[in-house]
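There are 2 protein chains.
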Amino acid sequence: MSHSHTVGVRQAQKQKTRQALLDAALQLLEEQSLSSLGLREVTRAVGVAPTAFYRHFRDTADLGVALVEQTLGSLHATIGEALAESGDGVRIDRTVALIAELVRTSPAHVRFIARERHGGVQPVREAIGAQLRRFADEVAAAFAREPEAAGWSEADLRMLAGVYVDLMVMTACAFLEAGPEGEEQVSSAARRQLRLMSLGRRHWLD
Amino acid sequence: MSHSHTVGVRQAQKQKTRQALLDAALQLLEEQSLSSLGLREVTRAVGVAPTAFYRHFRDTADLGVALVEQTLGSLHATIGEALAESGDGVRIDRTVALIAELVRTSPAHVRFIARERHGGVQPVREAIGAQLRRFADEVAAAFAREPEAAGWSEADLRMLAGVYVDLMVMTACAFLEAGPEGEEQVSSAARRQLRLMSLGRRHWLD
DNA sequence: TTCTCGGGAGAACGGTTGTTTACTGAATGT
DNA sequence: ACATTCAGTAAACAACCGTTCTCCCGAGAA
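From first to last, the protein sequence lines stand for chains C and B. Numbers in the working numbering are just positions in the first sequence, counted from 1, shifted up by 1. Numbers in the working numbering are just positions in the second sequence, counted from 1, shifted up by 1.
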């Protein structure tokens, strides 16, 4: 008589090992790319039989897109907060600090996205591309709500938002490569880059 | 009694099959990443025995760094020409056109660089990073030669050059993803991005 | 010519891969 | 209480992998 929304011990255990597979894969992907990640490699790290993999994913590419959506999907809410800042200078600091904390708390996720964005697995590439396009849309919408956007064409606004998102991805990669000790240096460089873009934006309509 | 500079049939044949290995690898890497590229896979595509691979490279990672230097090394001369343009607007058109032609004539090389820049093989990542840093240095030197660079700190100039290079890599990736039909659209977007940066550069010292 | 060097061929090795098939047993619905 | 569903197991499969060893034979030096 239990309703469909009750979790049940059964489905809870299933999603538990599913998450274990995702976590193990993410860890293994720190030193290789998805197209070389083996099915057995993942199950061995978790401690389950190789065939158990098929109960959750069709292949490692399928696992990859799940990893993309879990990593980037939960980020839209966080991004919205930083974009709510109206001051141009304050938003720059907020955004860079957000990226820095993201890389600090979960570097493996960031590395995975950076690596597979242009990686060898097509479905994963497309999943990342779609998510980044969603981010750019949200940034463009936030820009459009501001008074500085007056006189801007929609295409130019979309271009500006695209540069903004790409700059943030590049900054995240720079944080990764620099390590914890070079964090402050990357931060200041990123802030200057954003300031350069902000200046260009102010004088766009001349 | 032949002098050391005479090629000889022996060394010519060796570099011939070495180049064949590089070409075959580049073609195979269009649909996968280097960390999953097999030694036998490459030799099979060329038509030589698997053991012949060891006469030229230690492993596939070694082949990767050779591929990086062959791809990016020959580009420094071409870049120098575009940077010689003094006009700010003309240089933008020249640069974007150069990237477009590069992607058109050898897309596999561009895809390889984009894919392995953050890929799973450390030595290759470092080789690409070193080459891109060289590009940024050249761009910074070209900027420093201009009158607009007056009052700029060396660090800010380096930052500007870094953004320039990263923007070009991103543009090359955009050309790849868009395909031949969307070439004009990517070109105009890239030109607007460069113009945005150029505007910010003009008002940097306020 | 004769000797040496070295790129390439061939076979074999132990190990790993993805996938299939049949099976177990505990949580679930009736 | 019983029947069913299904996540996970176990074993086997052919195919592939990187690497080692031995041999071959033509180019280049003597």
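Even for Gly, the Cβ is constructed at its ideal location relative to N, Cα and C. This structure is a prediction, so every number in the text was calculated from the model and none was measured.
Check: Per-residue DSSP class, three states only, for C/F58; Outcome: coil
Check: 7 Å Cβ cut-off: residues of chain C touching B/R116; Outcome: H119, G120, G121
Check: Enclosing alpha helix (DSSP H) for B/A109 [first to last residue]; Outcome: 108–117
Check: Cutoff 7 Å; reference B/V49; Cβ partners in own chain excluding five residues on either side; Outcome: T18
Check: Segment contact flag, the region 89–97 of chain B with the region 181–196 of chain B, C-beta cutoff 8 Å, min 3 pairs; Outcome: yes
Check: Pairwise C-alpha distance: B/I129 and C/E82; Outcome: 36 Å
Check: DSSP-derived helix/strand/coil call for C/E102; Outcome: helix
Check: Chain C contacts made by the region 185–198 of chain B, where a contact means CB separation under 7 Å; Outcome: A190, R193, Q194, L197, M198
Check: Below-9 Å beta-carbon distance, C/D207 vs any chain B residue; Outcome: yes
Check: Residues near C/L73 by beta carbon distance below 6 Å, same chain, minus five either side; Outcome: Q132
Check: Cα-Cα separation, C/S34 to C/R41; Outcome: 15 Å
Check: Anticipated Cβ contact below 8 Å, B/L213 with B/V47, distance rounded; Outcome: Beyond the ends of chain B as shown, which are 2 and 207, falls residue 213 of chain B; an answer cannot be given.
Check: Under 7 Å by beta carbon: chain B residues contacting C/H204; Outcome: L200, H204
Check: Among B/F113, B/D138, B/A137, the one whose alpha carbon lies nearest that of B/R126; Outcome: B/F113
Check: Minimum Cβ-Cβ distance from B/M169 to chain C less than 9 Å; Outcome: no
Check: Within chain C, the residues that B/E1 reaches when beta carbons sit closer than 7 Å; Outcome: Since the displayed chain B opens at 2 and closes at 207, residue 1 of chain B lies outside it and no answer follows.
Check: Beta-carbon proximity check, B/A109 vs B/V170, cutoff 9 Å; Outcome: no
Check: Amino acids of chain C, ordered along the chain, whose beta-carbon sits closer than 9 Å to that of B/S37; Outcome: Q33, S34, L35, S36, S37, L38, G121
Check: With 16 other Cβ atoms within 10 Å as the buried cut-off, status of B/G201; Outcome: buried
Check: C/A191 (DSSP reduced to helix, strand or coil); Outcome: helix
Check: DSSP state of C/Q33 mapped onto helix, strand, coil; Outcome: coil
Check: Beta-carbon neighbours of B/V229, restricted to chain C and to distances below 8 Å; Outcome: This structure does not reach residue 229 of chain B, given that chain B is present from 2 up to 207, and the question cannot be answered.
Check: Short CB-CB distance (under 9 Å) between C/L64 and chain B; Outcome: no
Check: Meets three-Cβ-pair contact criterion under 8 Å: the region 133–147 of chain C and the region 155–165 of chain C; Outcome: yes
Check: Rounded straight-line distance, which links the Cα of C/R196 to that of C/V97; Outcome: 12 Å
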